[in-house]
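Mapping of the sequence shown onto numbering that gives the first Met the number 0: residues 0 to 454, in sequence order.
The beta carbon of each residue, even a glycine, is placed where N, CA and C say it ideally should be.
Everything numeric in this text was worked out from a predicted model, so none of it was measured.
Take a look at the structure below.
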Amino acid sequence: MTTVKAPKYIRENQWAGHPNPLWHRRDKKKVTVLYNMFEQRKSLFMRAYFERNGYNYRDLGRHKAEDVYYGREWGTRMMCNPAYFTSGTFIHALFEIEKKEGLTKEQIVDRFVFVGGGGDCGPCRFGIYPQEYMHIANDAGFMGFRVLIVNPDIVKIPPDPKNSAFTCSIPFLLQFTIAIVLADLIHIGECAVLPYAKDREAAINTLKECEDLLFKAFRNPFFMVTLPIALYKAGKKLAAIPRDKKKLPLIFVTGEVFSNYANGDANYNLRRFIIDEGCEVLPCLFSHRSLYECWRKKVLHRPSIKFSKSIKEKLYWMNFANMETLAIGTILFVFHFFNMFFNQKQFGGKGTMHNLNKLSALAEPYYDKRILGGEGNMEIAEALYYHDKVDGFITVKPFGCMPSSGVSDGVQSKIISMYPDFNFLSIETSGDNEVNILSRVSMMLFKAKQKTHPE
Ligand code: SF4
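The following block contains the structure:
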């Protein structure tokens, strides 16, 4: 008879993950928040929030192509490209602080925290981003580095720790929403005026002035008064930019959230490229993406209400769904309220917040709305909605993304076969390979121009 010997060494707590000590509120002033969102303007407006609320804050800036190499070097194998970009920017920043400011690793751990994204995302990797940040920091020698996650849920599971110097409280989430809406409004202006501006440089400078105006207004403690005034002035400035009257092909870009919204190296600055090539691009609104996030959670938890085992459980899920409804209402209110002062129509802005029930109904026969991950049914719904409204449709996928490349693109082939004239292009972003990708985009834009000016 064979006997099995117990192993001599058993590692304890091997699945426990890395420690993430509390950033106590009494240490608020001693610590600097490192932060950047996937797009520069959103980081800028978040800076206004942090500064107004007495945080020391350092914007890590735009995600740069070299960051992805840091992510690949230090990160777990087989992650997706956005994970490499975000974790790479983070660890790159820690190395830079160590090198340029002469601090030891212990001092850096003591004096800095990182605020990043992470959450539930079904089959995708977004849920493991927080552990990935901690894993990278610890492997690089920054033992016990503190990572704080922006969790947009109003009902928190688990709840935010008590005495933390930073929590995703309701006032924070509200101002986070405002920051996103402000960045979206400037982006709407950029997409509307740049392709037609008589003097492109002057138009870029005006956009920068508008950004500064909104930033100062949002940093003001009375921002609910100063922001509408600033938005009114910014809208007027954009409307005054001299423009050519010409017809340009209209392009829509969608895809995985990071690759779609990064508007920098992470998507080869795709929208600016499309504008430079002489086309108009529809704006991408993160407010709309946030709306989808809340809508998706409501849809997902409907069965939880229906099949609850007790009244208590049913009430819990009903409360969850009501909170998501409240979040949807808040996002829509903030967008439309500020847009009323900005008045995007005066300069030809095309920023739209769709009715997600209607949009989702289009995709229903092809993609179940309960399938999680990436953009879920929305990419398919958008293809069906825009196929006869735009001259070109691009969907952007990060390298290594299962839900967006593997699932959505599989269904997109069905949509293309239904509409043979649909000018559709799917591209994969990996941080390098820029020339190849942009040449494919150029060919697609050429077809779009032929559609607009057939002679
Ligand atoms: S949707 Fe794709 S690329 Fe985005 S976090 Fe999930 S797996 Fe990564």
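{"Query": "Those runs of the alpha helix (DSSP H) which lie wholly inside the segment 362-425 and span at least 4 residues", "Result": "377-385, 408-417"}
{"Query": "Distance cut-off 8 angstroms: V256 Cβ against heavy atoms of the ligand SF4", "Result": "yes"}
{"Query": "Contacting residues, own chain, Cβ-Cβ under 7 angstroms from I274 (five flanking each side not counted)", "Result": "L193, P194, V280"}
{"Query": "From H353, K413, G399, residue whose alpha carbon lies closest to that of I327", "Result": "H353"}
{"Query": "DSSP bridge partner residues for A196 (one or two, in chain order)", "Result": "R242"}
{"Query": "Contact test: F125 Cβ vs the ligand SF4 heavy atom, cutoff 8 angstroms", "Result": "yes"}
{"Query": "Neighbourhood of L206 by C-beta distance below 7 angstroms, restricted to the same chain and skipping five residues each side", "Result": "I185, G188, E189"}
{"Query": "DSSP three-state assignment for S163, whether helix, strand or coil", "Result": "strand"}
{"Query": "Buried versus exposed, by CB contacts within 10 Å (16 or more), S286", "Result": "buried"}
{"Query": "Rounded C-alpha distance that separates K308 from K41", "Result": "42 angstroms"}
{"Query": "Residue ranges of each beta strand (DSSP E) within the segment 48-83, 3 or longer", "Result": "55-58"}
{"Query": "DSSP bridge partner residues for F175 (one or two, in chain order)", "Result": "Answer is none; F175 lacks a bridge partner."}
{"Query": "Which of helix, strand or coil DSSP assigns to H452", "Result": "coil"}
{"Query": "Cβ-heavy atom distance, C209 to the ligand SF4, below 8 angstroms", "Result": "no"}
{"Query": "Cβ-Cβ distance between L371 and W294 below 9 angstroms", "Result": "no"}
{"Query": "Cβ-based neighbour list, R439, same chain, cut-off 7 angstroms, excluding 5 preceding and 5 following", "Result": "L424, I426"}
{"Query": "Beta-carbon spacing of F111, T31 below 9 angstroms", "Result": "yes"}
{"Query": "Alpha-carbon to alpha-carbon, F336 and M77", "Result": "43 angstroms"}
{"Query": "When I304, A196, F125 are compared against V149, the one with the closest alpha-carbon", "Result": "F125"}
{"Query": "One or two residues paired with Y34 in a DSSP bridge", "Result": "D58, V114"}
{"Query": "Endpoints, the beta strand (DSSP E) within which V252 is located", "Result": "249-254"}
{"Query": "R124 (DSSP reduced to helix, strand or coil)", "Result": "coil"}
{"Query": "Option nearest M322 by Cα separation, candidates M142, I169, A15", "Result": "I169"}
{"Query": "For E279, the residue or residues it bridges with in DSSP", "Result": "L249"}
{"Query": "N80 CB to nearest heavy atom of the ligand SF4 below 8 angstroms", "Result": "yes"}
{"Query": "Separation of A229 from N262, as counted between CA atoms", "Result": "24 angstroms"}
{"Query": "Every unbroken alpha helix (DSSP H) inside the segment 196-225 [4 residues or more]", "Result": "199-218"}
{"Query": "Distance, Y83 Cα to A139 Cα", "Result": "15 angstroms"}
{"Query": "Burial state of R270, where buried means 16 or more other Cβ atoms lie within 10 Å", "Result": "buried"}
{"Query": "Burial state of T88 (16 or more Cβ within 10 Å)", "Result": "buried"}
{"Query": "P129: CB within 8 angstroms of a non-hydrogen atom of the ligand SF4", "Result": "no"}
{"Query": "Contact test: G399 Cβ vs the ligand SF4 heavy atom, cutoff 8 angstroms", "Result": "yes"}
{"Query": "Contiguous alpha helix (DSSP H) assignments of at least 4 residues, all confined to the segment 276-316", "Result": "285-305"}
{"Query": "Whole-angstrom distance between R51 and G409, CA atom to CA atom", "Result": "46 angstroms"}
{"Query": "E255 burial status per 10 Å Cβ neighbour count (16 or more: buried)", "Result": "buried"}
{"Query": "Reference L226; option with closest CA among M339, I203, H452, K357", "Result": "M339"}
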